[in-house]
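If you count the sequence shown from 1, you need to add 751 to reach this note's numbering.
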Amino acid sequence: MPPKFSLQNVLDIRKSKVEGLEVELGKLIAAKQQMEELLTALYENRTSLLEQLFLEQQGEMDLFNLSMLRANIVATDERIQQVMKSLAEQEIKVDKKRQEVVIAKQEEEMLVILKNKQHDVFMKEQAEKEAKQQDDIYISQAFRQRQEESRYHG
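Quick look at the structure:
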């Protein structure tokens, strides 16, 4: 049975860290997608407001409605700018978290490789011991056989 990997606790901690970072990354990506959906909805709202403004300008014009539509368009444009800024910040957070995940996975993988190498060394040593024991058995059998042959012939 292979010996326990001496850095198993560290490997377990690194694995937990990777899992935690992946969860955080997932949440950041979900928040980014929500912002993208909000931005899409705002653009659709803006398009709708512009169409309404165009229709209001046909025929008799209601200045109050025109003024309200323009105010809504301005407010929507401001909200679009805010969401775009937030989205850019969120993209930076996602990229940063993604880098953290990559680094954490590399650290974990390094320990997994070390663990596998340690296991391979152990298995090689075991195979060498078994081969040596098998050689010793063959040698002792051959020695006994010669002794028995020398008794019968001697």
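Note that CB positions come from ideal geometry on N, CA and C, so glycine has one too. Keep in mind that this is a model prediction, so the values were computed, not measured.
- Here ARG895 is exposed, its C-beta having fewer than 16 other C-beta atoms within 10 Å.
- Cβ-Cβ distances below 6 Å link ARG797 to THR827 in the same chain, with the five nearest sequence neighbours on each side left out; the list follows chain order.
- Secondary structure note for SER891: its alpha helix (DSSP H) is the uninterrupted segment 814-904.
- By the Cβ test, the region 771-791 is in contact with the region 843-854, since at least three Cβ pairs between them sit closer than 8 Å.
- Judged by their CB atoms, LEU817 and LEU806 are not nearer to each other than the 8 Å cut-off.
- In this structure, the alpha-carbon of PHE756 lies about 8 Å from that of GLN869.
- In this structure, VAL769 places its C-beta atom within 8 Å of the C-beta atom of LYS856.
- DSSP, reduced to helix, strand and coil, places GLN759 within a helical segment of the structure shown.
- Contact annotation: GLU787 and LEU838 have beta-carbon atoms nearer than 8 Å.
- Look at MET752 here: in three-state DSSP terms it is coil, with no helix or strand label.
- In its chain, beyond the 5 residues on either side, ILE831, VAL834, MET835, LEU838 have a beta carbon closer than 8 Å to the beta carbon of LEU790.
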